[in-house]
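Contents: one structure, followed by commentary.
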Amino acid sequence: MIILASASPRRRELLEQIGCKFEVITSDADEIKDAGLEPHQLVVQNAHLKAAAVAAEHPEYPVLGSDTVVSLDGHIYGKPRDKEHAREMLKTFSGRTHQVITGIVLAWKGKFWQAWETTEVVFSPLSADQIDAYIATGEPADKAGAYAIQGRAAVFVDGIRGSYSNVVGLPLHCLDGLARKAGIDLYDNGEGSSS
Numbered sequence: 054m055i056i057l058a059s060a061s062p063r064r065r066e067l068l069e070q071i072g073c074k075f076e077v078i079t080s081d082a083d084e085i086k087d088a089g090l091e092p093h094q095l096v097v098q099n100a101h102l103k104a105a106a107v108a109a110e111h112p113e114y115p116v117l118g119s120d121t122v123v124s125l126d127g128h129i130y131g132k133p134r135d136k137e138h139a140r141e142m143l144k145t146f147s148g149r150t151h152q153v154i155t156g157i158v159l160a161w162k163g164k165f166w167q168a169w170e171t172t173e174v175v176f177s178p179l180s181a182d183q184i185d186a187y188i189a190t191g192e193p194a195d196k197a198g199a200y201a202i203q204g205r206a207a208v209f210v211d212g213i214r215g216s217y218s219n220v221v222g223l224p225l226h227c228l229d230g231l232a233r234k235a236g237i238d239l240y241d242n243g244e245g246s247s248s
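Note that this note's numbering has the sequence shown beginning at 54, numbered continuously upward.
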C-alpha cells in the first residue's frame with residue numbers, strides 16, 4: 054500500500070484506474086507560491102513538502118506527493134481564486150498552447166525520489182459565451198488552470214502533446230518509472246521491495 058498525500062479526487066481516480074492500492078492522508082504542508090521559481094521547480098518542491106509532511110507521521114508506508122500547475126508566457130497558473138480569475142485564465146488560454154506541469158515525489162524509508170512531467174495542451178479559440186457557460190458549471194473552481202480536461206472542458210482541447218493523465222493531475226507513466234526506481238511495486242499492494 055502507498056499513501057496519497059492529496060485530497061484530489063482526480064488523483065484518486067487515476068490510481069484506482071491502474072489498480073494501485075492506496076490510502077488518502079492529506080498533507081497540511083503550506084504550498085510555495087513563489088513565482089520566481091521555474092514551474093517544474095515549484096511543483097517538485099510542493100510535492101516534496103506534501104510527501105515529507107505525511108511521511109513524517111507515517112514512515113511505515115511509501116508516500117506520494119504531487120502538485121500541478123499550468124504555465125504560459127512565463128506565468129504560473131494554479132487554482133483560480135474566484136470566477137473572475139477563472140474567466141481571465143480561460144481567456145488567456147483561448148486559441149493558444151499552454152503547458153501543464155506536475156511534480157511527483159515518493160518518500161519512503163527516509164529517502165525521496167522526484168520527477169516532473171510536462172504536457173502541452175492546445176486550446177481552440179473560446180468565445181465569451183463558452184467561457185461564461187463553462188464557469189457557470191462550477192467545474193473550474195478547484196482545478197489548476199481553471200479547467201478539467203476529463204470534464205466539460207474536453208471540448209476546448211484541440212490537441213495535446215505528452216501525457217494525458219498528467220493534465221488530469223498525475224502522470225501515470227512517470228509515476229510507474231519513479232516507483233520502480235524506488236523499489237515500490239504499485240501493483241502488488243504497493244509493498245515493494247526494500248532498497
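Beta carbons are placed, not taken as given, at the ideal position from N, Cα and C, and that holds for glycine.
Since this is a predicted model, take the numbers as computed values, not measurements.
- In this structure, what does DSSP give as the bridge partners for T172? V153
- Report back the beta-carbon spacing between W169 and V97 to the nearest angstrom; my notes put them in contact at under 8 Å. 5 Å
- Task: Could you give the DSSP three-state label for T121: helix, strand or coil?
- Result: strand
- Jot down the residue ranges of each uninterrupted beta strand (DSSP E) in the region 202-243, minimum 3 residues, whole runs only, in chain order. 210-214
- Task: Sort L67, C73, T190 and C227 by Cα distance to V158 and report the nearest one.
- Result: C227
- Three-state secondary structure (DSSP) of A60: coil
- Query: Are the region 99-108 and the region 131-149 in contact at 8 Å, needing three or more beta carbon pairs?
  - Reply: no
- Between N242 and V77, what straight-line distance do the alpha-carbon atoms span, to the nearest angstrom? Interpretation of N242 is limited by its pLDDT of 47, a score under 50 that renders its predicted location unreliable; no figure is taken from the coordinates.
- At which residues does the beta strand (DSSP E) containing H128 begin and terminate? H128 to Y130
- Message: I'd like to check one pair, I202 with P115: are the Cβ atoms closer than 8 Å?
- Response: no
- Query: Looking at the structure shown, is L102 part of a helix, part of a strand, or coil, going by DSSP?
  - Reply: helix
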